[in-house]
Amino acid sequence: MNIINLDHMSANPLLPEVQDAMIEALKSNHGNPSSQHKLGDMAANALEKARESVARLLNSNSPKEVVFTSGGTESINHAIKGVALAKAEKGKHIVTSNIEHNAVLRTLRRLKMMDYHVTSVPVDNTGRVNPLDVAKAIQDDTVLVSIMHSNNEIGTIQPIEEIAKITKEKKVLLHTDAVDSVGVIPMDVQKLGVDLLSFASNTFYGPSGAGGLYIRKGVAVWPLLDGGVQENNKRAGTENLIGIIGTGVAADLALRDMDKRIAHAKKLKGLLLRELPNYVTEYILNGHPELSLPHLASISIKYVEGESVVLMLDDENIAVSTRSACAAGALQASHVLLSIGRDFADAQGTLVITFGVDNGEKDVTTFLSALREAVKTLREISPLYPKAAHA
Amino acid sequence: MYSKTVMDHFRKPRNVGVIEGASGVGEVGNPLCGDMMTIYLQVKNERIDDIKFQTFGCGAAIAVSSMLTEMAKGKTIEEAKNISNKDVADALEGLPKNKLHCSNLGADALHIAIKDYESKKAKKAIPEQEKNEPQTSHGGEKCYCPYCDAELESGEAQCKSCQLSSIEDHRSSNKKEGVQ
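Protein chains in written order, with my numbering: chain A, 1 to 391; chain B, 392 to 571.
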């Protein structure tokens, strides 16, 4: 079945080169990187090669600053809980934003149960945090600021560099959830000035179940998992070598092809936004018009509900997302969309379209035609659609 | 995720539309949960002669509306009163747990439409304004906190224990504690 995937945010396909490297690794008799024999050495070499690839992608000073994990969620939990525990004696206050991913929000809620307190800063109607708000929110017992690099629902990119200047001056650690940015747009941890940065391999066509955490040299973070001395004593447990090998190859390709991929995504997004008014009326584009992920478009379509649109497009073999796939199980309107000023009904009609390397211009027009039909059908059913005004 | 019957009613919803001069209208919904539903009844000889719906909502909400109208059509008012939320969900071969509130919405809309019909029939003095505005109910459709699944009071985006402080709260608590 030929399915048009416009939901790359939820799952990216593995690139052929990544598949080949992982299949080869699966078939090979690799050892445990911690072992002292030749099989162990082979595994350790593969592990460190992948670490170097990721360090290059992040422009990290040293591969030692990269810790491999099971993906974005673990990295975020590790960063936030790890700093909170390591710094508990200094203070128990953390600053975040109103539009973070649930991995951040729920981690902070868990910490609240353990007497930590959290201040959440607002965003403007494009989804941007004002660095001055972060400065205001930092207090004497603040130990960590965690602000996402880019948002998974609206694509807005945050002024992390400016926030880093503030946290540096106030001697507070800064973590950024860069799960939707790393491998998509240029990333330079030194220029950004962050202390911790989370990423997921699938974002750049690597395997899911793999990812990592950048921890700047010298930053004390408690491990989430205790046990052996793997990952420079920062993450115990025998490494997911196959996933890490796939991550390394995907990181190399992301760095090599980044400009090309961004240009491709911008072309498709541009076509979508240019053509959209010819297919659908009455919608709102979410996110910042420029400071946004190049491959993501977030559209709130009035008088229809997103899940219904997703199901109808699925019947046409087109995959899109309404809000984030992780949020699809919750019945609440997205906290991100409410934070940028969408009302409940408009938030419910929000589609998130994310392009990938496998999409072409034809996919955009096929999607638009199917969308036009779905919206027309659903508006005919909708009591919110003011028919008299559209007669 | 959805049963075949749900998808069938979602893809081909029965009885979509509006009945002009309906005998009874029932409107329920809470945009906080993302669903709104209006049921129109045409009653002849105490029997539901025609029934139509309009729904803004997810696949389950549309399927529930469609199935409900099929179940109610042709029934007497007394029979229709006995259609329960569970009956609709059962006829749809079940709904995912987090979508069960959609079936509540459906039966509620029907029962309000029946009440509207009965009060019109009894020629109760309904103020002009109320006549023009279909009744709205917020009963039945419970919302749950997205973070801990606790039941929410209407209007809340998340439960109190899951709310993080805003800068404003933070400033006022600083004042209280004499910080800054």
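Backbone N, C-alpha and C fix where the C-beta goes; we use that ideal spot for every residue, glycine too.
query: Three-state class that DSSP yields for residue 230/A in the structure shown; result: helix
query: Residues that residue 407/B contacts on chain A, provided the C-beta gap is smaller than 9 Å; result: 380, 381
query: Exposed unless 16 or more other CB atoms sit within 10 angstroms - verdict on residue 567/B; result: Since pLDDT at residue 567/B reaches only 41, below the 50 mark, its modelled position is unreliable, and the value read off the structure follows with that caveat. The residue is exposed, with fewer than 16 neighbouring Cβ atoms inside 10 Å.
query: Whole-angstrom distance between residue 106/A and residue 96/A, CA atom to CA atom; result: 12 Å
query: Cβ shell of residue 438/B (< 8 Å), same chain only, five flanking positions each side left out; result: 465, 466, 467, 468
query: Which of helix, strand or coil DSSP assigns to residue 157/A; result: strand
query: Contact check, residue 201/A vs residue 247/A, beta carbons under 7 Å; result: yes
query: DSSP-derived helix/strand/coil call for residue 476/B; result: helix
query: Within 9 Å of chain B by C-beta, residues of the stretch 272-305 of chain A in sequence order; result: 303, 304, 305
query: 7 Å Cβ cutoff, residue 450/B in contact with chain A; result: yes
query: Close Cβ partners of residue 32/A (< 7 Å) along its chain, the five nearest in sequence each way excluded; result: 40, 43, 238
query: Where the beta strand (DSSP E) through residue 146/A begins and ends; result: 142-146
query: Local conformation of residue 215/A per DSSP, three classes; result: strand
query: Closest by C-alpha distance to residue 461/B, when choosing among 503/B, 490/B, 448/B, 440/B; result: 440/B
query: Validate contact between the stretch 298-312 of chain A and the stretch 405-419 of chain B using beta carbons, cut 8 Å, 3 pairs; result: no
query: Beta strand (DSSP E) runs contained entirely in the stretch 417-465 of chain B, provided each spans 3 or more residues; result: 426-435, 438-447
query: Rounded straight-line distance, which links the Cα of residue 173/A to that of residue 131/A; result: 15 Å
query: Own chain, CB closer than 7 Å to residue 69/A, minus 5 neighbours either side, in chain order; result: 75, 78, 211, 212, 213, 235
query: Any C-beta of chain B under 7 Å from that of residue 384/A; result: yes
query: Collapsed DSSP secondary structure at residue 68/A in the structure displayed; result: strand
query: Cβ shell of residue 230/A (< 8 Å), same chain only, five flanking positions each side left out; result: 33, 34, 236, 237, 238, 239
query: Below-7 Å beta-carbon distance, residue 144/A vs any chain B residue; result: no
query: Chain A within 7 Å of residue 392/B, Cβ atoms only; result: no
query: Range of the contiguous alpha helix (DSSP H) that encloses residue 26/A; result: 16-27
query: Closer than 7 Å to chain B by CB, residue 307/A; result: yes
query: Start and end residues, alpha helix (DSSP H) containing residue 375/A; result: 361-381
query: Contact set between residue 445/B and chain A, taken where Cβ atoms lie within less than 7 Å; result: 381, 382, 383
query: Partner residues on chain A for residue 439/B, Cβ-Cβ distance less than 9 Å; result: By Cβ distance, chain A contributes nothing, its closest Cβ being about 20 Å from residue 439/B, past 9 Å.
query: Beta-ladder partner(s) of residue 5/A, from DSSP; result: 319/A
query: Helix, strand or coil at residue 420/A [DSSP, three-state]; result: There is simply no residue 420/A to check, as chain A begins at 1 and stops at 391 in what is shown.
query: Test item: CB-CB of residue 125/A and residue 306/A under 7 Å; result: no
query: CB contact check: residue 197/A to chain B, cutoff 7 Å; result: no
query: Chain B contact residues for residue 115/A, given Cβ-Cβ distances below 8 Å; result: Per Cβ cutoff of 8 Å: no residues; residue 115/A is ~14 Å from chain B at best.
query: Own chain, CB closer than 7 Å to residue 384/A, minus 5 neighbours either side, in chain order; result: 303, 345
query: Among 208/A, 250/A, 185/A, 147/A, the one whose alpha carbon lies nearest that of residue 16/A; result: 250/A
query: Coil, strand or helix - residue 201/A by DSSP; result: helix
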